[in-house]
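Counting in our numbering, the sequence shown runs from 239 upward without gaps.
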Amino acid sequence: MLTRPAVCSALLSMFTLACAGTGGASGGGSGSAGGGSESSGGGSGATGGGMGSSGGGMGSSGGGSAGGGTGGSGGMSGGGSGSTGGGSGRTVSGTRSATFYSDKAPVVVKADLTSVPVIAWWEADGGFTSASGSGTADGHFSVPGLPTGPVYLRLGAASFIYTPSDTVDLDQAEVGRPGQATVTGTNLTINATGLSGWATYDEVALAVTNNGARVDDLTKVGATKPANGATTASFVISYTGPLIEAAQGDVVRLYQNRVFATPVPNQVAVSAAAVNGLTQINGTPSTVNAVFSPLAMTTVDLDLKVSQFEAWKSDVNPQATVSSSQFVVYGAPAAAAMHGLPGSTPTLLFVPVDPGSADVTGTFSFGNPFPSTSTLVTSRVTAFAVPFTAPGASSPLKHSSLLASITPLAFHPSTSLPTISPPRQLKVNGQALTAPLSGVGQSPVVTWVPPALGTPDRYVLSVLRLVNNGGASAEQLVATIRCKGTVTRVAIPPGVLAAGSSYLLALTASVNGGVDVDQHPFELAAIFDTAEAVAGPITP
Numbered sequence: 239m240l241t242r243p244a245v246c247s248a249l250l251s252m253f254t255l256a257c258a259g260t261g262g263a264s265g266g267g268s269g270s271a272g273g274g275s276e277s278s279g280g281g282s283g284a285t286g287g288g289m290g291s292s293g294g295g296m297g298s299s300g301g302g303s304a305g306g307g308t309g310g311s312g313g314m315s316g317g318g319s320g321s322t323g324g325g326s327g328r329t330v331s332g333t334r335s336a337t338f339y340s341d342k343a344p345v346v347v348k349a350d351l352t353s354v355p356v357i358a359w360w361e362a363d364g365g366f367t368s369a370s371g372s373g374t375a376d377g378h379f380s381v382p383g384l385p386t387g388p389v390y391l392r393l394g395a396a397s398f399i400y401t402p403s404d405t406v407d408l409d410q411a412e413v414g415r416p417g418q419a420t421v422t423g424t425n426l427t428i429n430a431t432g433l434s435g436w437a438t439y440d441e442v443a444l445a446v447t448n449n450g451a452r453v454d455d456l457t458k459v460g461a462t463k464p465a466n467g468a469t470t471a472s473f474v475i476s477y478t479g480p481l482i483e484a485a486q487g488d489v490v491r492l493y494q495n496r497v498f499a500t501p502v503p504n505q506v507a508v509s510a511a512a513v514n515g516l517t518q519i520n521g522t523p524s525t526v527n528a529v530f531s532p533l534a535m536t537t538v539d540l541d542l543k544v545s546q547f548e549a550w551k552s553d554v555n556p557q558a559t560v561s562s563s564q565f566v567v568y569g570a571p572a573a574a575a576m577h578g579l580p581g582s583t584p585t586l587l588f589v590p591v592d593p594g595s596a597d598v599t600g601t602f603s604f605g606n607p608f609p610s611t612s613t614l615v616t617s618r619v620t621a622f623a624v625p626f627t628a629p630g631a632s633s634p635l636k637h638s639s640l641l642a643s644i645t646p647l648a649f650h651p652s653t654s655l656p657t658i659s660p661p662r663q664l665k666v667n668g669q670a671l672t673a674p675l676s677g678v679g680q681s682p683v684v685t686w687v688p689p690a691l692g693t694p695d696r697y698v699l700s701v702l703r704l705v706n707n708g709g710a711s712a713e714q715l716v717a718t719i720r721c722k723g724t725v726t727r728v729a730i731p732p733g734v735l736a737a738g739s740s741y742l743l744a745l746t747a748s749v750n751g752g753v754d755v756d757q758h759p760f761e762l763a764a765i766f767d768t769a770e771a772v773a774g775p776i777t778p
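Okay, here's the thing in structure tokens:
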């Protein structure tokens, strides 16, 4: 049996802004930023895979991250939340909106920033100084009274943009519809006919590209597997996700995935059904009939140099081990038009690779049940596990760091090779982060050396708090700092690190098609590659 892919959401979540608020419902959730731990659902051992959108829209005034982190504008060393001195009259301004992509024309929703904290920090006299700004109901914001040079800009939750630019575009992509309603634990019965004779490891996936709904395997949400050889089945699932509405044009696409042994073990979509006319009511069971038919097969040639990706293990962390590698093909609604990639379908082709395996070569076939509005995208990931133990815990977590790429199938390279390696030589206050460091202060300086391979366009520094959950170690994302690929030094702004807590630092470098990260920190190119290093823990 093949393990479902589950690392793409972690990859994408590091590029989203957690400003909390409007939003459409995402189909698959975002995992944890920058990799995450297998124990907490973001690593390579979790189920689900794909790239659910971050679930963070706009408009809530609540600061603070999932783990406590930087909330609001108080509790800051260097003084308060107003303009606290050192500013020169310079103003940084910008916009915040979300563009929702579905099977229809994109819909742009301006963020209501009237109650969202807008703060800029800058380093001065060995510490930090801040100035507060304001936002409008139509997605504009500004912060006056700033000095020349880079500032750490924050809207709402703990996502910092380190930028020297006077104008910043915080727009990003979402999947589905604005204000998308959801259903929770609502039974859906799928009476399937025309299945390809059922085999032991077959699965059926569900996707609605118009609203972002997805279920990778119906048996994971309550369905019973049919008997081997069966061509009919009744799948009863407990569905939680975006509300499916026929009047909105939602089409439920179901497809049967099957495992094949050659060229290497792989899972492929072989038959599919399209269901029109389903309209759900939260809490009310519904039934649909799904008539499956064989899918026309397309092919992709793969030459995956597994050993060359695994060779960067020591740059991830000296304690890193290889967890797995994978190659995946899936659908991404309107990907060609996006300034990002917020959502995906379950996989159409999944090729898992065990650690230490030979390079993978061969031609793989798969079916595609989706309309032309869903661009086919490939993802190549090598995941590394790094153990860390939270204070007081008896068992470690395994943080999952990724070397990954996302490429439209039309641009899939004939040979898959690394194009970027992890950043190197992470230091805190000038001390090498090769062992735990204590007493680093609440606003330490983090430095690094660029990757040995590739020229990054962007870095994302994720600050992750180690927590003890009943003896088991876990990690919580506290803050992220995004900066241009020419930067090799940032300081952690006040309010992020709390006395008595321990933190990991995960630094991701990405090659992103030359996007101007200073002005467009959340924009993604159609093709991008990333590599992460992780180190710690540190204690203030």
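We treat Cβ as the ideally placed atom computed from N, Cα and C, and that holds for glycine.
DSSP three-state assignment for residue i, whether helix, strand or coil
i: K458; result: helix
i: L426; result: strand
i: A485; result: helix
i: A304; result: The predicted position of A304 is uncertain, since its pLDDT is 33 and thus under 50; no value can be drawn from it.
i: Q832; result: This structure cannot settle anything about residue 832, because the visible part of the chain is limited to 239 through 778.
i: A648; result: helix
i: Q418; result: coil
i: Q557; result: coil
i: G323; result: Confidence in G323 is poor, its pLDDT being 42 and thus under 50, which makes the residue's placement too unreliable to answer from.
i: Q546; result: helix
i: S632; result: coil
i: S638; result: strand
i: S219; result: Because the chain is modelled from 239 through 778, residue 219 falls outside the range shown and cannot be assessed.
i: S340; result: coil
i: S335; result: strand
i: S524; result: strand
i: S643; result: strand
i: S552; result: helix
Exposure label - residue i; buried when at least 16 CB within 10 Å
i: P523; result: exposed
i: A769; result: buried
i: C246; result: With a pLDDT of only 46 at C246, under 50, the local geometry of the prediction cannot be trusted, and the value read off the model is given with reservation. By the 10 Å Cβ count, C246 comes out buried.
i: I475; result: buried
i: S632; result: exposed
i: I428; result: buried
i: T620; result: buried
i: G371; result: buried
i: G327; result: exposed
i: G594; result: exposed
i: A771; result: buried
i: F649; result: exposed
i: S340; result: buried
i: D440; result: buried
i: H758; result: buried
i: T458; result: Before going on, a small fix: residue 458 reads as Lys here, not Thr. Exposed: under 16 other Cβ atoms inside 10 Å.
i: N750; result: buried
i: A349; result: buried
i: A773; result: buried
8 Å Cβ cutoff, residue i in contact with chain D
i: V566; result: As a matter of chain content, chain D is missing from the structure shown, which is built from one protein chain.
Distance between beta carbons of residue j and residue i, contact taken as under 8 Å
i: P646; j: A764; result: 6 Å
i: A717; j: A396; result: 4 Å
i: V502; j: L516; result: In fact, because the Cβ distance is near 37 Å, the residues do not count as touching under 8 Å.
i: N520; j: T424; result: 6 Å
i: S639; j: F622; result: 5 Å
i: P660; j: V554; result: 5 Å
i: V508; j: V544; result: 26 Å between Cβ atoms; not a contact.
So does the segment 658 to 669 actually touch the segment 683 to 693, counting three or more Cβ pairs closer than 8 Å? yes
In chain order, each beta strand (DSSP E) run of at least 3 residues that lies wholly inside the segment 650 to 730: 662 to 666, 683 to 687, 696 to 707, 710 to 722, 727 to 729
Count the CB pairs spanning the segment 356 to 367 and the segment 714 to 733 that are closer than 8 Å, and state whether there are at least three. yes
At 3 residues or longer, what runs of the beta strand (DSSP E) sit wholly inside the segment 349 to 387? 356 to 362, 365 to 370, 378 to 384
With contact counted as at least three CB pairs below 8 Å, one residue from each stretch, are the segment 587 to 606 and the segment 557 to 567 in contact? yes
Sufficient close CB pairs (3 or more, under 8 Å) joining the segment 377 to 389 to the segment 410 to 418: no
Any 3 or more C-beta pairs closer than 8 Å across the segment 442 to 457 and the segment 544 to 558: no
Whether or not the segment 344 to 359 and the segment 689 to 701 are in contact is what I'm after, with contact meaning three or more pairs of Cβ atoms, one per stretch, closer than 8 Å; do they touch? no
Quick check: the segment 466 to 484 against the segment 427 to 447, are at least 3 beta-carbon pairs closer than 8 Å? yes
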